[in-house]
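Novice: In the working numbering, the protein residues as written are 367 to 567.
To start, I am sharing the structure in question, which I have written as structure tokens.
Dropping the structure here:
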């Protein structure tokens, strides 16, 4: 029992490390500026189809996916970055102003930032699982966000814990943070994905 548990833990850890190294390798292939978006979709796709079978996560498959997702991945990533920058600037400006209405506005903007982060991660996971238009993927990502409030709380809590560990152990940025966030997103959304799969079948 103990050896089986240790083996599973090792396999999961190794898979996360391998996906993370793929992510950074291909991100640098795109000089980061053009590599992060497609690399996110690439590791999401690999995890969706191969799961913890790290043997199937080959360099050749990763390269094909990186090229396949190059345009759409950059569009997703920079659309997300643009929204985050806009919301962050508005939050920075709003917290400098006093009054009840601005306090309420602060919370609205914070909620919008959480929404954008969760929907983006959901979009990346869904894009690796379903071949459909960006509009449909966005609709599904929004539906997923609003379908279960407790799942949102668990998702955000997971992100905070992962980022907390990353802050304490910066080496995780290279060896695990990015795929851990996507895998956590997929794990929390698994019941919803299964329901969606049943409806589409």
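Note that beta-carbon positions come from the ideal geometry of N, C-alpha and C, so glycine has one too.
Where does residue 397 fall in DSSP's three states?
Specialist: Coil.
Novice: Report the rounded CA-to-CA distance for residue 519 versus residue 490, giving the unit in angstroms.
Specialist: Taking the straight line joining both Cα atoms gives about 19 Å.
Novice: Within 10 angstroms of the Cβ of residue 413, are there 16 or more other Cβ atoms? Answer buried if so, exposed if not.
Specialist: Flag for residue 413 reads buried.
Novice: Tell me the rounded alpha-carbon separation between residue 392 and residue 444.
Specialist: So the alpha carbons of these two residues sit roughly 17 Å apart.
Novice: Between 495, 411, 463 and 471, which has its C-alpha nearest residue 429's C-alpha?
Specialist: Out of 495, 411, 463 and 471, 411 has the C-alpha closest to the C-alpha of residue 429.
Novice: Can residue 475 and residue 418 be called in contact, C-beta distance under 7 Å?
Specialist: Result no, Cβ atoms of residue 475 and residue 418 do not sit closer than 7 Å.
Novice: Can you tell me the Cα-Cα spacing of residue 527 and residue 488, whole angstroms?
Specialist: Taking the straight line joining both Cα atoms gives about 18 Å.
Novice: Within the continuous alpha helix (DSSP H) that includes residue 418, where are the two ends?
Specialist: From DSSP, residue 418 is part of no alpha helix (DSSP H); its letter is neither H nor E.
Novice: Would you say residue 442 and residue 396 are within 7 Å of each other, going by their C-beta atoms?
Specialist: In this structure, residue 396 does not lie closer than 7 Å to residue 442 by Cβ.
Novice: How close, in whole Å, do the beta carbons of residue 407 and residue 435 come, if the pair is a contact with beta carbons under 8 Å?
Specialist: So it is a contact: roughly 4 Å between Cβ atoms.
Novice: Does the Cβ-Cβ distance between residue 472 and residue 454 come in under 7 Å?
Specialist: Their beta carbons are not under 7 Å apart, which means residue 472 does not touch residue 454 by this criterion.
Novice: Which residue's Cα is closest to the Cα of residue 423: 399, 384 and 456?
Specialist: For the residues 399, 384 and 456, the minimum Cα distance to residue 423 belongs to 384.
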